[in-house]
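To start, the structure itself, in structure tokens.
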Amino acid sequence: MMKQCVLRTAAVLGLVAVFCTACSGSGEDGRSARPSGSSAPPSSRPSVPTTAQVAEKVKNALEERISADEEKFGVGQKSPCTPASPQLFTVRCETAADATSDAADLALREIDGRAGFATLNAGARKIQAAARTYKSLGCATGPTAADVRRACLGPAAVIAQGFPDLRDGANLGLAGK
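So the sequence shown is numbered by the working numbering: it starts at 43 and just counts up by one.
Spelled out as structure tokens, the structure:
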């Protein structure tokens, strides 16, 4: 009995909506009968981007930047910052560190604290910290002290893997992670 009452009410409300829509159409002169102060149709209202749209925008912005920098500096074992690279303690690695940190900055600006980008956020912040540490230790100046050289290895490895990590973070952002 209750189910029939709910269905009947829904049907009546549907008919009322159709009737109201038909009555609010256009007047005899073909113009809309809607007052000029009424709100714009839904298609012209500014829309708030969905998380998926934001993730796609972030991914596209990063991909353009990352691809150019990967080509220029290399990644992983081909990076001047990989711990096995003879360029690890040179300005070449420092330049790669700056580019990787700049890409991380771009990622953080693009996500701007939005939810659903935890991996990208954490990865970008880790890259920024590694680049700061690399610079503060003076790794690009060819330090001779063994303890400083050893301390440069960890940050340099993070920098060498930075571009793929940012890309992975952006891809996981598409999944809300």
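Glycine is no exception: its CB is placed at the ideal position from the N, C-alpha and C atoms.
Who are the Cβ neighbours of residue i in its own chain at under 6 angstroms, not counting the five residues just before and after it?
i    : result
R191 : P185
L214 : T161
F159 : I153, G215
L19  : Outside the shown range of the chain (43 to 219) lies residue 19, about which nothing can therefore be said.
A146 : A166, I169, Q170
Could you tell me the distance, in whole angstroms, from the CA atom of residue i to the CA atom of residue j?
i    : j    : result
A138 : P122 : 7 angstroms
A110 : D189 : 34 angstroms
E98  : T142 : 20 angstroms
G155 : I169 : 17 angstroms
K177 : A103 : 26 angstroms
E112 : F205 : 7 angstroms
N163 : G211 : 8 angstroms
Q119 : Q203 : 9 angstroms
P128 : V200 : 17 angstroms
T132 : V117 : 16 angstroms
L150 : E105 : 14 angstroms
D144 : Q95  : 23 angstroms
A187 : A157 : 43 angstroms
Can you give me the start and stop residues for the alpha helix (DSSP H) that residue i sits inside?
i    : result
Q119 : Careful: Q119 lies outside any alpha helix (DSSP H) and carries neither H nor E.
T137 : 133-153
S127 : Premise fails: S127 is in no alpha helix (DSSP H) and is neither H nor E.
P197 : 188-202
K219 : Run containing K219: none; DSSP gives neither H nor E here.
A171 : 160-179
Since I believe residue j is in contact with residue i (beta carbons under 8 angstroms), could you give me their beta-carbon distance rounded to a whole number of angstroms?
i    : j    : result
G165 : L130 : That belief does not hold up - the Cβ atoms of G165 and L130 are roughly 21 angstroms apart, past 8 angstroms.
A198 : P125 : 6 angstroms
K101 : L216 : 6 angstroms
A182 : C135 : 6 angstroms
T92  : G218 : T92 to G218, Cβ: 11 angstroms. No contact.
L148 : R107 : 6 angstroms
Give me, in chain order, the residues of the same chain whose beta-carbon lies closer than 7 angstroms to that of residue i; leave out the 5 immediate sequence neighbours on both sides.
i    : result
F115 : S121, P122, A138, A141
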